Each structure stands twice: as C-alpha cells, then as structure tokens.
Amino acid sequence: MSRIVVVEDEPILARLLGRILSGAGHTVTVAGTVADALKTIRTVDPHLIILDLVLPDGRGEDVLAELMQSRPASQVLVLSSMTQVATRVGVLEGGAVDFLAKPFANAELLARVHARIRTAAPPLAVPRYLRRAGVEIDVQQRELVSDGRRISLTQREFVLLTHLLQRAPETCTRAELLERVWGTSYDTGTNVVDVCVRRLRSKLSQDQIETVRNVGYRIAI
C-alpha cells in the first residue's frame, strides 16, 4: 500500500481523487494550500505527491522547488489545467516526474500513478551500493558518493545515472533515456535529457559521462 499526498484546493476534485486512489488501495492525504502541503508531506513521507499548480496561498511550482531542495528524491506528478508547453516543460525540468492535464481519465491517472510508484521502488535484488567506472551510488539513499562526499540526486538524476551505469559500456540513445526516465508520453523533441546530463556532470568529480555524437550518452570505462 502506497502513501499519496494530493495537493488540490478544489474540494470536489480533491474528494474525487481521494476516492479513485483509495479505491485502488492507496492511503491518501489531501492538502489544500502550499503551507499545508509542505507540512503534510513532512509528516506523511509519501511515495507520491499529486500537485496542482494553482493554490490559494501560492504556486504549485513553489512547492515543487522546495521539495527538490529538501526532498530531492520526491516523486511529484503535476495535475493541472495549465497545459501550455512552457508550463509542462518548466515543471518537468524543475523535478516533477510526470504531468497530467485536467480533465483526465481515471484509468490514465491510475496507470501513471502506478508507473511512477514502480519507478520509485528499487528492485529487491539491488545492492545498497552500485559501483562502476569510478562512480558510486547509494541506492537506498539515492545519493552520489564522490571523494568522500555524499551528494543528493533528484529522482530523475538517480534513474538516469543508474541506467547509464547498468548499461555501461554500451551507449544509451536519447530516445531510450527519455522512455526510461520521463516516460513514453514525453515530447521527443525536448532537450531534457541533455539538461539532466549537464546537472549530473556538475555533480560528478570527473567527466564520466561521454557524449556519443548524434546518438546519446555512455559511461566512460
């Protein structure tokens, strides 16, 4: 059973989301403001956060930014009627793992929720540490261990770097990384893979991620 926090200030929609998700076996807690959301998330420690962008005391983007600072491994699914490309790209590059437009189909909501919860849960057979080519990741804490320092990774940075390490020394195409980290529904014309790789390179002590021209990326062995 997964814990889900729904950040939605519209009471009817909040109740509907609660019924849909609890009916699928999840424990749901609803928050209607930015302040309540941050407090509830700290208390509940959810597996997934469903976040509206328009709240009475602030913006959902502010909640997302705070979570990426204080809980970088947070799984945030943005649910919003603000469907402009700039808005979608902004929240996804800001750390959200998915975006679903309102109005939504119940079946699609549940499919996306379950997909993100599966992504968030490490496979049972995965060891505590993943080490390869001079790169070390603490899988349980989702941290990069480099030169004695522990560096927090966002959910997407963690998934992308883990995938590159597991595939090393093979090259991962941008399309493959988009599907693995962002989901098949994501616009393949975006540069989010390159942006995420750039952030990872800034956290690695050496340039261990190689660019394969016109193809994608690989871990240098």
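Residue numbers 42 to 262, in the numbering used here, belong to the letters of the sequence shown in order.
Ideal Cβ positions, reconstructed from N, Cα and C, are used throughout, including at glycine.
Please read all numbers here as calculations on a predicted model, not as lab measurements.
_Straight-line Cα distance separating residue 239 from residue 255_ = Within the sequence shown, residue 255 is the residue found at index 214, counting from 1. Within the sequence shown, residue 239 is the residue found at index 198, counting from 1. Taking the straight line from one Cα to the other gives about 16 Å.
Which class does residue 124 belong to by DSSP, given the choice of helix, strand or coil?
Residue mapping note: residue 124 aligns to position 83 of the sequence shown, counting from 1. DSSP places residue 124 in coil when its eight states are reduced to three.
* Examine the Cβ distances between the segment 181 to 198 and the segment 233 to 248 and report whether three or more of them are shorter than 8 Å. => With a cut-off of 8 Å, the segment 233 to 248 and the segment 181 to 198 count as touching, because enough Cβ pairs lie within range.
**Cα-Cα separation, residue 109 to residue 211** = Taking the first residue of the sequence shown as 1, we reach residue 109 at position 68. Taking the first residue of the sequence shown as 1, we reach residue 211 at position 170. Cα to Cα, residue 109 sits roughly 30 Å from residue 211.
Run through the segment 160 to 218 for me and flag every whole beta strand (DSSP E) of 3 or more residues, listed as ranges in chain order. Counting only unbroken stretches of 3 or more residues, the beta strand (DSSP E) elements lying wholly within the segment 160 to 218 are 170 to 173, 176 to 179, 184 to 187 and 190 to 193, in sequence order.
Among 103, 169 and 90, nearest to residue 139 - alpha-carbon criterion: As a working note, residue 139 is residue 98 in the sequence shown. It is 90.
Worksheet item: With distances taken between CB atoms, is the gap from residue 68 to residue 83 smaller than 7 Å?
Response: On the sequence shown, position 27 is the one that residue 68 refers to. On the sequence shown, position 42 is the one that residue 83 refers to. For residue 68 and residue 83, no; Cβs fall outside 7 Å.
TODO: Below 8 Å CB to CB, which residues in the same chain sit around residue 169 once its five sequence neighbours on both sides are set aside?
DONE: Here residue 169 is taken as the residue at index 128 of the sequence shown, counted from 1. Counting only Cβ-Cβ distances below 8 Å, and skipping sequence neighbours, we find 179, 180 and 181.
Chain C beta carbons: is any one of them nearer than 7 Å to that of residue 243?
In the structure shown, chain C does not exist; there is a single protein chain.
Checklist entry - Taking Cβ to Cβ, would you say residue 114 is nearer than 7 Å to residue 249? => result For the purposes of this step, residue 114 is taken as the residue at position 73 of the sequence shown. For the purposes of this step, residue 249 is taken as the residue at position 208 of the sequence shown. For residue 114 and residue 249, no; Cβs fall outside 7 Å.
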